[in-house]
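Q: I have a structure I would like to understand better, so I am pasting it below and will then ask my questions one at a time.
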């Protein structure tokens, strides 16, 4: 057994762990980064990258089809071989050499093996050769992420269900796929598999995209049906059975569904069941509850960053947390001031107020901040402003018969934007303008001076301001 | 001769005049809107709409071609008939019925005819039937726009050159087109005509897109050449001659160029030569110099809005001015307070600090605010941050081998963004995020909390922040 000393030990070398380590090194600390699978994590190999690589080609072809004069052949079925080959390339062929090089160049010590907490400020790693004990002078950061949550449905476990891992790394596209769930993974994978020529069924306990504004799920449900997908809403799955012929039979409250494979996309579970939480007084398999500096409540040396803290299941938000966590670990280690006021350098304030998300369906859904319902529930005096995104000149130029919708949620008191949601083709790049406005709490009277270019779709932001009206009281200093 | 009384008379019913009139009516005033051509103006019939309608289909097809597995047939030559028919549709077949209806529904009196100032607060309109004298109780707003400037080149005037009007409304695409100029109209029309199968030559006195960051013009020049366009930079046109065979011969400092038609795109001239400026003591054909409330200097009743004031030759910026002008006319008429401090409701502050622009070439160019050079010339302590837009994960997913570039100009003193420029496929919708940041003067330390969604191209904003570094002093209240 070898013992090493580091300033910081990071468990999990996904995008989040990498960023915690990088920021801590930049802050002058020594860092060990522990990974038992691939450096780069789920996002690189089993989530964002492969899923978007599967979705983009069909999206681009659909966009071209939406403009006049494009030959109809553009919509011919995707060549599955070529689509999967592209996906393989974006998943780096599940080879993490490039990521490991990045880690080394960043001055981070990568230790490959299974890492577990083994006491206060201590991690034990089982590598191929030996067991190493790593003592962390200042902090241990848990960035092990999450796994697909498999619900307790009779027969599901033994039916060899897919999770997002199999769905994004598949080698042979099945002829049919049943998807249990109605969230982002469900609708994105439904879209991807439909474009690969697979018959897809989506079985959702309630509506689709329940965390979003209601129109988002409705528009996506219509679009999935237009792709030939069987969409069963408000439908429970009672029993799942893998037949001897290898088919999957699902007994649902809406009847029987039969498919080659079944994908479970019903949420996430923390990947904390076997990382030694019990050795420091925490419960294995539980989420880690942190303060806004990402430090686990009740501990001065333990951090939970990314999915494990349940603040936001999004790579970009995990990376954002990682920057705050890496920086604050370095600041605390050096005795430098901690900037932990709202929107300070060392806190992840945006987790609570300005989380953006893009759903890469067709139409896309893009949102940031509060929905109208969430804002009201949070006690804001919220006002809703809606506009038909298809009525913007830029949209009609972008695609024939462009269909879209936009909502802005305004805090009546402070006259700032609490949230925004866009649904429509290619809205994914439009939302960042709202993210800046929400995160910076820019007053509406100032947003009138942020002029969108004509004729782009971004004029939706002007239309929403115009719809809201300019009759609000102006701040005194301008009068 | 009939005399009418209005609170406000607006000369010119383009997008700018329409918006001045609309805001004044909403402010409780009566408004006459005078138009001798089509209601809706250049933008609707001879600029933004038809030009973008000509550019979008080829752009969308190019985008599809850039993703794996798309059949090469997507790049087959555009069907010219269908492309022009689409353009006709977006130019409303040069029929302004819809716009006139909008004007009527907005409660504005549309008067069709040639309007001229005929003295203080007075406009005389020659309509088909009669001459009307309109007395303006509170204000006259000149929103007559600009014409293409035709430079003094030997033989050019008699060679029947095209301006942007002919280029956007053409019925038969010539086999070849020589374009004099290197600005936005030149590069957009070059791109459009090349995709219509026309052999294009661009002859520019200096480089392309000289008002932009230098890399923009360089990348667009390369792209034009890739489209088979002859690009002659730092080349002067000495003589133009229309031959008896109907060809145009251009004698340039780089040799002879011969084409079916010649397009002049060398700048704009104010459309003020025949609007009666002399009757109120101004010089016909001159630009109108205004204060930030768009009021002509030295007059308390005369406003110049849009291109005529030379502040920014952009529809969206003219509409922005129009909102301020219409509102301030109403406020002054009612004796309400004028909000004319920086970024107040009644001033067009963004004209000076936060003008966005999108050039719809392939790659697109999108920018806002100051270039590095302009910032330095304006006396800012400006710092430049560059990043390869193609190195962003979202870009590589968007198109194979995505090529792009990004620059952010930072005010070292205040730690805010002074300007940003993006070049690359589909960057047009990315710039509004920067426009919000520039117009709201959001400090960099706060922009770290505006998280871009992964994996979108908008992550360029994070990369630029990371490249700039997070070592700047934080504001005291956060420490």
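Protein chains in written order, with my numbering: chain A, 4 to 482; chain B, 4 to 482.
We put the CB at the ideal spot given by N, CA and C, even for glycine.
Treat the numbers as computed from the prediction; the structure is a model and nothing was measured.
Candidates B/337, B/335 and B/295: which alpha carbon is nearest residue 321 of chain B's?
A: On the second chain, position 318 is the one that residue 321 of chain B refers to. Checking every option, the nearest Cα to that of residue 321 of chain B belongs to B/295.
Q: Is the beta carbon of residue 22 of chain A less than 8 Å from the beta carbon of residue 208 of chain A?
A: Locating residue 22 of chain A in the first chain gives position 19, counting from the first residue. Locating residue 208 of chain A in the first chain gives position 205, counting from the first residue. Contact flag unset, no.
Q: Helix, strand or coil for residue 313 of chain B? Go by DSSP, reduced to three states.
A: Looking up residue 313 of chain B in the second chain gives position 310. In the structure shown, residue 313 of chain B sits in coil (DSSP, three-state: anything other than H, G, I, E or B).
Q: Give every residue of the same chain whose Cβ lies closer than 6 Å to the Cβ of residue 138 of chain B, excluding the five residues on either side of it in the sequence, and list them in chain order.
A: One-based indexing of the second chain puts residue 138 of chain B at position 135. The residues are 8 and 125.
Q: Out of B/297, B/162 and B/288, which one is the CA nearest neighbour of residue 250 of chain B?
A: Sequence index remark: in the second chain, residue 250 of chain B carries index 247 (1-based). For residue 250 of chain B, the nearest C-alpha among the options comes from B/162.
Q: Please state the DSSP three-state secondary structure of residue 108 of chain B.
A: To locate residue 108 of chain B, count along the second chain from 1; it is residue 105. In the structure shown, residue 108 of chain B sits in a helix (DSSP, three-state: H, G or I).
Q: DSSP puts residue 138 of chain B in a beta bridge; with which residues?
A: Mapped onto the second chain, residue 138 of chain B falls at position 135. Beta-bridge pairing links residue 138 of chain B to B/8 and B/125.
Q: According to DSSP, is residue 467 of chain B helix, strand or coil?
A: For the purposes of this step, residue 467 of chain B is identified with residue 464 of the second chain, where counting begins at 1. Note: residue 467 of chain B maps to helix in three-state DSSP.
Q: Please report the distance separating the alpha-carbon of residue 266 of chain B from that of residue 156 of chain B.
A: For the purposes of this step, residue 266 of chain B is taken as residue 263 along the second chain, with counting starting at 1. For the purposes of this step, residue 156 of chain B is taken as residue 153 along the second chain, with counting starting at 1. When rounded, the distance between both Cα atoms is 13 Å.
Q: Check each residue of the region 74 to 100 of chain B: if its Cβ is closer than 8 Å to any Cβ of chain A, include it; give the result in chain order.
A: 74, 76, 77, 79, 81, 82, 85, 86, 88, 89 and 93
Q: Hey, quick one: how far does the beta strand (DSSP E) through residue 410 of chain B stretch, first residue to last?
A: By one-based count along the second chain, residue 410 of chain B stands at place 407. Note, residue 410 of chain B: beta strand (DSSP E), 408 to 414.
Q: Closer than 8 Å by C-beta to residue 103 of chain A: which residues in its own chain qualify, once you throw out the five before and the five after it? Chain order, please.
A: Sequence index remark: in the first chain, residue 103 of chain A carries index 100 (1-based). So the qualifying residues of the chain are 42 and 113.
Q: Go to residue 390 of chain A, then tell me how far its beta strand (DSSP E) extends in each direction, as first and last residue.
A: Locating residue 390 of chain A in the first chain gives position 387, where the first residue counts as 1. 385 to 390 is the span of the beta strand (DSSP E), which, as asked, contains residue 390 of chain A.
Q: Put residue 321 of chain B into one of helix, strand or coil per three-state DSSP.
A: Position 318 of the second chain, counted from the start, is the residue given in the question as residue 321 of chain B. Residue 321 of chain B: helix per DSSP, three-state reduction.
Q: Given a threshold of 16 other Cβ atoms within 10 Å of its Cβ, counted over all protein chains shown, does residue 232 of chain A qualify as buried or as exposed?
A: Residue mapping note: residue 232 of chain A aligns to position 229 of the first chain, counting from 1. It counts as buried.
Q: Name the residue from B/87, B/462 and B/118 whose alpha carbon lies nearest to the alpha carbon of residue 360 of chain A.
A: Numbered from its first residue, the first chain carries residue 360 of chain A at position 357. The shortest Cα separation from residue 360 of chain A among B/87, B/462 and B/118 belongs to B/462.
Q: Check residue 17 of chain A in the structure and name its three-state DSSP category.
A: The residue labelled residue 17 of chain A in the question sits at position 14 within the first chain. Reduced to three states, the DSSP call for residue 17 of chain A is strand.
Q: Could you check whether the Cβ of residue 346 of chain A sits closer than 8 Å to any Cβ belonging to chain B?
A: Here residue 346 of chain A refers to the residue found at position 343 when the first chain is read from its first residue. Residue 346 of chain A counts as touching chain B.
Q: Would residue 100 of chain A pass as a contact of residue 403 of chain A if the rule is Cβ separation under 8 Å?
A: To locate residue 100 of chain A, count along the first chain from 1; it is residue 97. To locate residue 403 of chain A, count along the first chain from 1; it is residue 400. Against a cut-off of 8 Å, the Cβ pair of residue 403 of chain A and residue 100 of chain A comes out as no contact.
Q: Would you mind giving the Cβ-Cβ distance between residue 390 of chain B and residue 369 of chain B, rounded to the nearest angstrom? I have them listed as a contact below 8 Å.
A: Position 387 of the second chain, counted from the first residue, corresponds to residue 390 of chain B. Position 366 of the second chain, counted from the first residue, corresponds to residue 369 of chain B. Wrong, their Cβ atoms sit about 15 Å apart, outside the cutoff.
Q: Taking the alpha helix (DSSP H) that residue 62 of chain B belongs to, which residues open and close that run?
A: Walking along the second chain from the start, residue 62 of chain B turns up at place 59. Where residue 62 of chain B is concerned, the enclosing alpha helix (DSSP H) stretches over 51 to 68.
Q: Which runs of the alpha helix (DSSP H) at least 4 residues long sit entirely within the region 430 to 460 of chain A? Give them in chain order.
A: 434 to 442 and 447 to 450
Q: Between the alpha carbons of residue 472 of chain A and residue 31 of chain B, how many angstroms are there, rounded?
A: Numbered from its first residue, the first chain carries residue 472 of chain A at position 469. Numbered from its first residue, the second chain carries residue 31 of chain B at position 28. Cα atoms of residue 472 of chain A and residue 31 of chain B: separation of roughly 15 Å, rounded to the nearest angstrom.
Q: Using a C-beta cutoff of 8 Å, does residue 53 of chain B count as contacting chain A?
A: Taking the second chain and counting its residues from 1, the one referred to as residue 53 of chain B is at position 50. False, the Cβ-Cβ gap to chain A never drops below 8 Å.
Q: Do you know how far the Cα of residue 191 of chain A is from the Cα of residue 166 of chain A?
A: On the first chain, position 163 is the one that residue 166 of chain A refers to. On the first chain, position 188 is the one that residue 191 of chain A refers to. About 13 Å.
Q: Which of the three DSSP states is assigned to residue 48 of chain B in this structure?
A: As a working mapping, residue 48 of chain B is identified with position 45 in the second chain. Residue 48 of chain B: helix per DSSP, three-state reduction.
Q: Measuring only between beta-carbons, confirm whether residue 219 of chain B sits less than 8 Å from chain A.
A: For the purposes of this step, residue 219 of chain B is identified with residue 216 of the second chain, where counting begins at 1. Chain A contact via Cβ: absent.
Q: When we look at the beta-carbon of residue 154 of chain B and count the other beta-carbons within 10 Å, is it buried (16 or more) or exposed?
A: Residue numbering aside, residue 154 of chain B sits at position 151 when the second chain is read from its first letter. Exposed, because fewer than 16 other Cβ atoms sit within 10 Å of the Cβ of residue 154 of chain B.
Q: Nearest chain B C-beta to residue 323 of chain A closer than 8 Å, yes or no?
A: Residue 323 of chain A sits at position 320 when you count from the first residue of the first chain. Taking Cβ atoms only, chain B reaches closer than 8 Å to residue 323 of chain A, which makes this a yes.
Q: Using the Cα positions of residue 158 of chain A and residue 366 of chain A, report the straight-line distance between them to the nearest angstrom.
A: Sequence index remark: in the first chain, residue 158 of chain A carries index 155 (1-based). Sequence index remark: in the first chain, residue 366 of chain A carries index 363 (1-based). Straight-line Cα distance between these residues: approximately 34 Å.
Q: Compare the C-beta of residue 432 of chain A against all C-beta atoms of chain B and say whether one is closer than 8 Å.
A: Looking up residue 432 of chain A in the first chain gives position 429. So, interface residue.
Q: Is the Cβ of residue 450 of chain B closer than 8 Å to any Cβ of chain A?
A: In the second chain, the residue the question calls residue 450 of chain B occupies position 447. True, the Cβ-Cβ gap to chain A drops below 8 Å.
Q: Residues in the region 60 to 72 of chain B with C-beta within 9 Å of chain A's C-beta atoms, listed in sequence order?
A: 60, 61, 62, 63, 64, 65, 66, 67, 68, 69, 70, 71 and 72
Q: From A/241, A/289 and A/285, pick the residue whose C-alpha is nearest to that of residue 272 of chain A; which is it?
A: Here residue 272 of chain A refers to the residue found at position 269 of the first chain. Closest by alpha carbon: A/289.
Q: Going by other Cβ atoms of all chains shown within 10 Å of its Cβ, with 16 needed for buried, is residue 222 of chain B buried or exposed?
A: Position 219 of the second chain holds residue 222 of chain B. Counting Cβ neighbours within 10 Å, residue 222 of chain B comes out buried, since at least 16 surround it.
Q: So is residue 6 of chain A buried or exposed if we call it buried at 16+ other beta carbons inside 10 Å?
A: Position 3 of the first chain, counted from the first residue, corresponds to residue 6 of chain A. Residue 6 of chain A should be labelled exposed.
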